[in-house]
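Single-structure report; data block below.
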């Protein structure tokens, strides 16, 4: 009998071990799922398509920092090819059935993906976004995009160069007319430096410079939208438009002092920050996103700021004292192919950017981005961001045209390139722009 009881106890003990083991295994799965790891307990893998190439390395570092805080989530960052359209790249990935979990889009492209991306209206960060940050990505009362970055652009000046040119401490407020701008160009060249470099990329000319002619029509964006509607209807006369004419008069002055005027289409983007950072030119038309590249060529000065692009010789004309700025980049989350676990993981990443110290540090200090959230109180880490914030604080900000057709920069940018190369005159340029808008659907 003793032996039989011992066998019974052994069998009962084995059953108990198996039951406890099963419970433990079940608990591990539940814990993995609740942490975002999915039913297998493995890390959820998500992807972000990045369309801000200048912060690719910073985003990769941010993905590692995020993974440290959330070991159950692995984030891979893919970059849109240099000079490529995020809309076209995302469309290609959808067509192949392999869209990333998150896509960084230009504002105007969000609506095109509305039926394929998540409604993010219920996310906490909506309440902390700055005024108007989500207005342009709301459709049917729902917000579909995360406002990543406020960006601004205009003439970036190297303070060391312009201080020497004016013989003292340069005051950017003195450049509020076209004549004042040309005088500064002349003063810079009198010191032996070149005044300006024009980067001839279609996106710079077509997405940034020319849209100043649209936004500069009126402070009221409703009036600007009416102007765009008149272009679409074929009723606007660009050749006779005061703002367009003034902007192109300024462009003519820029062409006159362009360091690359002998071969105006030869320059690449990388040439601009090098020339400005090394102090070989005093001014470059570009945006605050260029700071990481500029700072790489300037190890001592680090003093830069923005000048508006004047469109006339009347200091009081709208645009002569204003810097163009707006929320430019948005992140959306795919709902067509991403799993619920991936979607939840992507939402955690967006929350991490807004609310966690490491996320805020990435945004402001590492990526040099001006945040679109009130709760992020870190001051801009670079002089260009500070300059933009200063213009905004003083009410000297002109709303950027962040909602334009996705092919605007390539098609109209090509027309601007022809003008820059003197392959077409002002009348031909105006006609090509008007013809473009008449064919926009």
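In the numbering used here, the protein residues as written are 457 to 897.
We put the beta carbon where it would ideally sit given N, CA and C, even for glycine.
Predicted model, so just to flag it, every value in this text is computed and none were measured.
Exercise. How big is the Cα-Cα spacing for residue 591 and residue 841?
Worked result: 23 Å
Exercise. Is the Cβ-Cβ distance between residue 721 and residue 656 less than 8 Å?
Worked result: yes
For this session: Could you spell out the range, first to last residue, of the beta strand (DSSP E) harbouring residue 782?
Result: 779 to 789
Problem set entry | Whole-Å CB distance - residue 531 paired with residue 805, under 8 Å assumed | 6 Å
Problem set entry | Assigned secondary structure, residue 869 (DSSP; H/G/I helix, E/B strand, else coil) | helix
Exercise. Can you name the start and end residues of the alpha helix (DSSP H) that residue 681 belongs to?
Worked result: 677 to 688
For this session: List the DSSP bridge partners of residue 561.
Result: 786
For this session: Count the other C-beta atoms from every protein chain shown that fall within 10 angstroms of the C-beta of residue 816, then say buried if there are 16 or more, exposed otherwise.
Result: buried
For this session: Measure the Cβ-Cβ separation of residue 773 and residue 556 and say whether it is below 8 Å.
Result: no
Exercise. Chain D beta carbons: is any one of them nearer than 8 Å to that of residue 695?
Worked result: The chain labelled as chain D is not found in the depicted structure, where only one protein chain is given.
Exercise. Mapping DSSP to helix, strand and coil, what is residue 477?
Worked result: Bear in mind that a pLDDT of 39 at residue 477, under 50, signals an unreliable position, so the number given afterwards is only what the model happens to contain. Correct three-state label for residue 477: helix.
Problem set entry | Residue from 889, 582 and 838 with nearest C-alpha to residue 873 | 889
Exercise. Does the Cβ of residue 755 have 16 or more other Cβ atoms within 10 Å, making it buried, or fewer, making it exposed?
Worked result: exposed
Exercise. Excluding sequence positions up to five away, which residues of its chain have a Cβ less than 7 Å from the Cβ of residue 577?
Worked result: 598 and 599
Problem set entry | Among 646, 641, 705 and 630, the one whose alpha carbon lies nearest that of residue 666 | 705
For this session: Express the C-alpha separation of residue 516 and residue 525 in angstroms, rounding to a whole number.
Result: 15 Å
Exercise. Is there contact between the region 756 to 769 and the region 795 to 814, where contact requires at least three CB pairs shorter than 8 Å?
Worked result: no
For this session: Could you say if the region 531 to 543 and the region 849 to 860 meet the contact criterion of at least three C-beta pairs nearer than 8 Å?
Result: no
For this session: Determine the direct distance from the alpha carbon of residue 676 to that of residue 486, and round the result to whole angstroms.
Result: Here residue 486 scores only 31 on pLDDT, less than 50, and its place in the model should not be relied on; the value that follows carries that caveat. For residue 486 and residue 676, the distance between alpha carbons rounds to 54 Å.
Exercise. Quick check: the region 868 to 887 against the region 684 to 700, are there 3 or more CB pairs under 8 Å?
Worked result: yes
For this session: With distances taken Cα to Cα, identify the nearest neighbour of residue 827 among 694, 505 and 603.
Result: 603
Problem set entry | Contacting residues, own chain, Cβ-Cβ under 7 Å from residue 725 (five flanking each side not counted) | 655 and 657
Exercise. Which ranges would you report for the alpha helix (DSSP H) in the region 587 to 631 if only whole runs of at least 4 residues count?
Worked result: 615 to 622
For this session: Alpha carbon to alpha carbon, how far is residue 682 from residue 796? Give it in angstroms, no decimals.
Result: 41 Å
Exercise. Is residue 839 near residue 760, with beta carbons less than 8 Å apart?
Worked result: yes
For this session: Starting from the C-beta of residue 853, find all residues in its chain whose C-beta is less than 7 Å away, skip the five residues before and the five after it, and write them out in chain order.
Result: 778, 779, 781 and 847
Exercise. By a C-beta neighbour count over all protein chains shown, 10 Å radius and 16 as the cutoff for buried, is residue 896 buried or exposed?
Worked result: exposed
For this session: Using only alpha-carbon positions, find the residue among 843, 501, 882 and 799 that is nearest to residue 696.
Result: 882
Exercise. Beta carbon of residue 564, beta carbon of residue 858: below 8 Å?
Worked result: yes
Problem set entry | Between the CA atoms of residue 616 and residue 757 - distance to the nearest angstrom | 7 Å
Exercise. Which stretch, first to last residue, makes up the alpha helix (DSSP H) that contains residue 522?
Worked result: 512 to 525
For this session: From the DSSP output, in three-state form, read off residue 880 for me.
Result: coil
Exercise. If you drop the 5 nearest sequence neighbours on each side, which residues of the same chain put their C-beta closer than 7 Å to that of residue 619?
Worked result: 625 and 626
Exercise. What are the start and end residues of each continuous alpha helix (DSSP H) run of 4 or more residues lying completely inside the region 760 to 847, in chain order?
Worked result: 796 to 811 and 813 to 817
Exercise. Helix, strand or coil: which one does DSSP assign to residue 692?
Worked result: coil
For this session: Report all residues from its chain with a CB closer than 7 Å to the CB of residue 679; omit the five preceding and five following residues, and keep chain order.
Result: 673
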